[in-house]
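See below for the structure under consideration.
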Amino acid sequence: MKMKLIDGRRDERQKAEELLRKRKATRFLAQVIAHTNRVVAAGRDFDEADEDDLVFILTGAVKFFAFLEGEELDGETDKELRALWQMYDSMIALASCLSPAKIAQLFPPEKEYNGAKCDMKDYFTSVAAVEQAGGWKKFKDEDAVLSFLMDLSNDDITRCCIASMHIIDALGARRGQKSLIETFLEQETGMPVNLPKHLGEARDKAGNVYIVADGEVLGLKAKPRRPKWLRTVNGWKE
121 MKMKLIDGRR DERQKAEELL RKRKATRFLA QVIAHTNRVV AAGRDFDEAD EDDLVFILTG
181 AVKFFAFLEG EELDGETDKE LRALWQMYDS MIALASCLSP AKIAQLFPPE KEYNGAKCDM
241 KDYFTSVAAV EQAGGWKKFK DEDAVLSFLM DLSNDDITRC CIASMHIIDA LGARRGQKSL
301 IETFLEQETG MPVNLPKHLG EARDKAGNVY IVADGEVLGL KAKPRRPKWL RTVNGWKE
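With our numbering applied, the sequence shown corresponds to residues 121 to 358, in that order.
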């Protein structure tokens with residue numbers, strides 16, 4: 121059965137939004153570079169730098185990696201991937217020079233309060249994580265920073281952490297290694313796990329849409345069910 125892959129054409133609004141996101145990411149990266157150069161020019165390490173410079177570097181780096189979370193890394197070279205990982209590692213080292221409360225002030229927890237019902241992190245667990253990590257005292261080490269960021273309920277922080285895992289996965293894939301989520305699932309289930317890297321849609325000549333994973337057809341895409349309250353308009357075609 122021959123099918124045509126759906127390109128996913130975007131309208132002008134979507135193209136403009138993507139361009140805006142890329143411009144913001146470029147601005148955040150420029151912010152990181154500018155304030156890092158200030159610290160270097162002053163002949164200081166991160167633990168000796170002015171807090172204002174550290175704040176600008178950290179916020180710029182987190183938002184840059186948050187943008188990177190939604191980007192494909194297949195086109196990056198090994199050298200570029202290693203550079204991204206070194207940048208992320210430096211960001212964690214810089215964050216260890218600040219306090220948990222300061223980071224929570226820069227990236228406030230999301231106003232979600234019912235996490236206990238679903239056993240998920242929310243505003244209350246984030247506040248508890250700040251106190252547990254030391255409040256306004258500096259972090260003990262970089263491991264404490266990583267643990268705290270995983271517990272902080274903030275969209276930019278979450279996307280930033282996911283981006284770091286994508287970088288690790290991209291580096292590992294080129295060495296024939298499995299992704300972190302595949303390794304975790306295998307440890308939990310005791311069974312081999314192979315997750316698709318690329319999901320898409322394809323349409324046959326009849327107009328039916330199929331879900332495609334790594335070039336293999338998984339099945340027919342289900343059509344959304346029409347709500348019972350929705351009236352049919354004569355002459356209207358979906």
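All C-beta atoms in this analysis are idealised placements derived from N, C-alpha and C, irrespective of residue type, glycine included.
Quick one: is LEU340 buried, meaning 16 or more other Cβ sit within 10 Å of its Cβ, or exposed?
So LEU340 counts as exposed.
What residue from ARG164, ASP276, LYS317 has the CA that sits closest to GLU192's CA?
Distances from the CA of GLU192 to each of ARG164, ASP276, LYS317 were compared; the closest alpha carbon is that of LYS317.
Opposing strand residues paired with GLY339 [DSSP bridges]:
ILE331, per the DSSP bridge assignment.
Would you call the region 267-284 in contact with the region 169-185, where contact means no fewer than 3 C-beta pairs closer than 8 Å?
Result yes; three or more Cβ-Cβ pairs closer than 8 Å.
What span of residues does the alpha helix (DSSP H) with PRO229 cover, start to end?
Run containing PRO229: none; DSSP gives neither H nor E here.
4 or more residues per run - each alpha helix (DSSP H) lying fully within the region 243-269:
Counting only runs of 4 or more, we get 243-253.
Would you kindly work out how many angstroms separate the C-alpha atoms of ASP263 and ASP198, rounded to a whole number?
Computed Cα separation, rounded: 25 Å.
Below 8 Å between beta carbons: does that hold for PHE259 and ALA213?
Contact annotation: PHE259 and ALA213 have beta-carbon atoms that are not nearer than 8 Å.
Residues bridged to GLU189 by DSSP?
None; GLU189 has no bridge partner.
Could you tell me the alpha carbon to alpha carbon distance between ALA248 and VAL332, rounded to whole angstroms?
Spanning the two alpha carbons is a distance of roughly 43 Å.
Along the alpha helix (DSSP H) that carries CYS238, what are the first and last residues, could you check?
For CYS238, the enclosing alpha helix (DSSP H) starts and ends at 235-238.
How big is the Cα-Cα spacing for LEU272 and ILE287?
Answer to the nearest angstrom: the Cα atoms are 21 Å apart.
Leaving out the 5 sequence neighbours to the left and right, which residues in its chain are closer than 6 Å to ALA290 when beta-carbon positions are compared?
Here the set comprises LEU193, LEU201.
Quick check: the region 250-258 against the region 207-225, are at least 3 beta-carbon pairs closer than 8 Å?
Segments in contact, yes.
Whole-angstrom distance between LEU140 and GLN134, CA atom to CA atom
Approximately 10 Å, taken between the alpha carbons.
Can you tell me which residues form a DSSP beta bridge with GLY320?
DSSP lists VAL332 as partners of GLY320.
Quick check on the DSSP output: what are the complete alpha helix (DSSP H) runs of length 4 or more inside the region 123-170, in order along the chain?
Counting only runs of 4 or more, we get 132-161.
Please go through the same chain and pick out, in chain order, the residues whose beta-carbon is closer than 8 Å to the beta-carbon of GLU132, but skip the five residues on each side of it.
Closer than 8 Å at Cβ, skipping near neighbours: no residue.
Own chain, CB closer than 6 Å to VAL337, minus 5 neighbours either side, in chain order:
Same-chain partners within the cutoff: TYR330.
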